[in-house]
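S.K.: Quick one: this structure, given as structure tokens, is what I'll be asking you about.
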Amino acid sequence: MSTPTFHILGLGSMGSIIAYALQKKFPAYNIIPLLRSDTKVQQFKENYDSKLTLHRQYSNKTDISDSFELTTDLNNIKESHIDNLIITTKTFQTIEALKPIWNKIDEKTNIILIQNGIGTYDILVEEFPEIKSKKFNVFQGVIAHAVFGSSNNFSEFYHAAFLDLKVAQINGFKDENNKIQSISEVEDMIKHNELLSTLKEIDIDCKVMSYQELIIGQIKKFCVNCCINGWTSILNCMNGDFSYVKDATLELFEQTVEEVIKVFSQSPDYKKVFDYENKENMPLLDVSFKDDYRKLAEWVYQIGVVDCGGNSSSMRQDVINKRGTEIDFINGYVVKLGKKLELSSSEYKVNQIVVNLHKLKCEMIKRDGAN
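Rendered as structure tokens:
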């Protein structure tokens, strides 16, 4: 039997904690980080001995990995076939990163997307239509862990809050028009899938669930992203800084999530989940959050501001470091979906304001303007 092999596309905040957890639990497995260039691979090797440093702020402990000796770049992968591909790149970088390695990927490959925002799967299918026609095994990961990277060392990360990773199948169903899954179907899927069974074993608190459970989790995490990422990048603040004026923050969050829920609930892609009824032998879903925007805003506040108060959002870090951001896949996705559904612009105006202010802030920073 061949040694299980996992390629990790993107060794940033989320890729680093997953790579470390895989290596720690399964040192005999082939864990292969994929970097964007040979220059980056050599820097990782020569400057950092191909090791990751993870500062666990929640436990005041620092972990240093063993060397990831199999690290390579996108143009020098030795394997003829990629069995398990963990994608943690920025959403807008995904297509270009996949192009050099797509000839090594097929319907036998397990692919998981672990990224902020919503919409990557849609652009993947547009670029690679065989994903749908040949029923590729694609899974979505919704990660709640709070992690940010060092500004000076690309192999050093600060793990601010340990939460969980929710995973579910999003492509490869027998009937693509009916993705609702039973409890037994999920259990059987875990048992027969190498990627899922492995993720369940590592120290990342991975919860494999049905498609409908994942969508609920994804929408709620998306609400956190819409409230935290854009606003922290605009205000240039840590998550916890929102606690200074809690009432004002909650009002801002409530207006933001109300638009998210109202827009999503009108989309055919999410209607079955929003209208879900609990039945015997089916996963129990709590969709009450869609009817109480204040309660949802308070949940976002607890997760984003209290539990992850010591975190600097990935989008804020990207703005500070003058990198591209994922705004079009977060607040921008609400705007895009609202326009696609031909809704009045008043139904997504707060998220449009976030997008506009964020893009203005990015340009100011690039021109050495506002902090």
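Using UniProt numbering, you'd call the opening residue of the sequence shown number 1 and step up by one each time.
The beta-carbon is built from N, C-alpha and C at its ideal position, and this holds for glycine as well.
Predicted, not measured: the structure shown is a model, and the values here were computed from it.
Quick check: the Cα distance between residue 333 and residue 279, rounded to an integer number of angstroms?
M.R.: Residue 333 and residue 279: Cα-Cα distance of roughly 32 Å.
S.K.: Going by the DSSP bridge assignment, what does residue 84 pair with across the sheet?
M.R.: Bridge partners of residue 84: 6, 110.
S.K.: Any idea what DSSP makes of residue 54, helix, strand or coil?
M.R.: Reduced to three states, the DSSP call for residue 54 is strand.
S.K.: For residue 63, which of helix, strand or coil comes out of DSSP?
M.R.: Here residue 63 sits in strand by DSSP.
S.K.: Is the beta carbon of residue 97 closer than 9 Å to that of residue 10?
M.R.: In this structure, residue 97 lies closer than 9 Å to residue 10 by Cβ.
S.K.: In the structure shown, what three-state DSSP assignment does residue 276 receive?
M.R.: DSSP places residue 276 in coil when its eight states are reduced to three.
S.K.: Sort 48, 314, 211 by Cα distance to residue 233 and report the nearest one.
M.R.: Considering only alpha carbons, the answer is 314.
S.K.: Apart from the five residues just before and just after residue 214, which ones in its own chain have a Cβ nearer than 8 Å to its Cβ?
M.R.: The answer, listed in chain order, is 140, 142, 166, 167, 168, 170.
S.K.: Quick one: Cα of residue 264 to Cα of residue 136, how far?
M.R.: About 26 Å.
S.K.: Between which two residues does the beta strand (DSSP E) holding residue 158 run?
M.R.: First-last of the beta strand (DSSP E) with residue 158: 156-161.
S.K.: Which word fits residue 81, buried or exposed, when buried means at least 16 other C-beta atoms lie within 10 angstroms of its C-beta?
M.R.: So residue 81 counts as exposed.
S.K.: From what residue to what residue does the beta strand (DSSP E) around residue 93 run?
M.R.: Premise fails: residue 93 is in no beta strand (DSSP E) and is neither H nor E.
S.K.: Counting Cβ pairs, one atom from each stretch, are 3 or more of them under 8 Å apart for the segment 186-198 and the segment 217-230?
M.R.: As far as the Cβ criterion goes, the segment 186-198 does not touch the segment 217-230, which means the pair count is below three.
S.K.: Can you confirm whether the segment 110-124 touches the segment 31-44 when touching is taken to mean that 3 or more C-beta pairs between the two stretches lie within less than 8 Å?
M.R.: Short answer: they don't touch.
S.K.: Kindly confirm or deny that the segment 82-94 and the segment 60-73 touch, where touching means at least three C-beta pairs closer than 8 Å.
M.R.: No, because fewer than three Cβ pairs between the segment 82-94 and the segment 60-73 fall closer than 8 Å, the two stretches do not touch.
S.K.: Can you say whether residue 248 is buried or exposed, counting buried as having 16 or more other CB atoms within 10 angstroms of its CB?
M.R.: By the 10 Å Cβ count, residue 248 comes out exposed.
S.K.: Going along the chain, which unbroken runs of the alpha helix (DSSP H) with 4 or more residues stay wholly within the segment 115-142?
M.R.: Listed in chain order, the complete alpha helix (DSSP H) runs (minimum 4 residues) inside the segment 115-142 are 120-127, 130-133.
S.K.: With DSSP as the reference, please indicate the residues paired to residue 149 in a beta bridge.
M.R.: Residue 149 pairs with 157.
S.K.: Tell me which same chain residues have a C-beta within less than 7 Å of the C-beta of residue 74, skipping the five on either side of it?
M.R.: These residues qualify, in order along the chain: 34, 36, 97, 100, 101.
S.K.: Hey, could you find the ends of the beta strand (DSSP E) residue 31 is sitting in?
M.R.: 30-35 is the span of the beta strand (DSSP E), which, as asked, contains residue 31.
S.K.: Just tell me which of 316, 328, 321, 250 has its CA closest to the CA of residue 378.
M.R.: The chain is shown from 1 up to 371; residue 378 falls before or after that span and cannot be answered.
S.K.: Under the three-state reduction of DSSP, which class applies to residue 248: helix, strand or coil?
M.R.: Three-state result, residue 248: helix.
S.K.: Note down the Cα distance separating residue 298 from residue 252, rounded to an integer number of angstroms.
M.R.: About 11 Å.
S.K.: Exposed or buried, residue 319, counting other C-beta atoms within 10 Å across all chains shown (16 or more means buried)?
M.R.: By the 10 Å Cβ count, residue 319 comes out buried.
S.K.: Which value, in whole angstroms, describes the spacing of the CA atoms of residue 309 and residue 205?
M.R.: The straight-line gap from Cα to Cα measures roughly 20 Å.
S.K.: Any heavy atom of the ligand ZN closer than 8 Å to the beta-carbon of residue 264?
M.R.: The model depicted lacks the ligand ZN and carries no ligand whatsoever.
S.K.: Within the chosen definition, does the segment 156-163 reach the segment 172-183 through at least 3 CB pairs nearer than 8 Å?
M.R.: Touching, no, given that fewer than three Cβ pairs across the two stretches are closer than 8 Å.
S.K.: In whole angstroms, what is the alpha-carbon distance linking residue 65 and residue 84?
M.R.: So the alpha carbons of these two residues sit roughly 21 Å apart.
S.K.: What does a CB cutoff of less than 6 Å around residue 94 pick up in its chain, not counting 5 residues either side in sequence?
M.R.: Counting only Cβ-Cβ distances below 6 Å, and skipping sequence neighbours, we find 120.
S.K.: With respect to the beta strand (DSSP E) encompassing residue 377, which residues constitute its N-terminal and C-terminal limits?
M.R.: The displayed coordinates of the chain run from 1 to 371. Any statement about residue 377 would go beyond what the structure contains.
S.K.: For the candidate residues 177, 364, 7, whose alpha-carbon lies nearest to that of residue 235?
M.R.: Among 177, 364, 7, the Cα nearest to that of residue 235 is on 364.
S.K.: If you follow the alpha helix (DSSP H) that residue 165 is in, where does it begin and where does it stop?
M.R.: Per DSSP, residue 165 belongs to no alpha helix (DSSP H); it is in the beta strand (DSSP E), 165-171.
S.K.: Helix, strand or coil: which one does DSSP assign to residue 207?
M.R.: Three-state result, residue 207: strand.
S.K.: One question on the structure: do residue 375 and residue 268 come within less than 9 Å of each other, judged by their Cβ atoms?
M.R.: Residue 375 cannot be examined here, being either before or after the span of the chain that is shown, 1 to 371.
S.K.: Which residues mark the beginning and the end of the alpha helix (DSSP H) in which residue 44 is found?
M.R.: Residue 44 -> alpha helix (DSSP H) spans 38-48.
S.K.: Should residue 192 be labelled buried (16 or more other beta-carbon atoms within 10 Å of its own) or exposed?
M.R.: Flag for residue 192 reads exposed.
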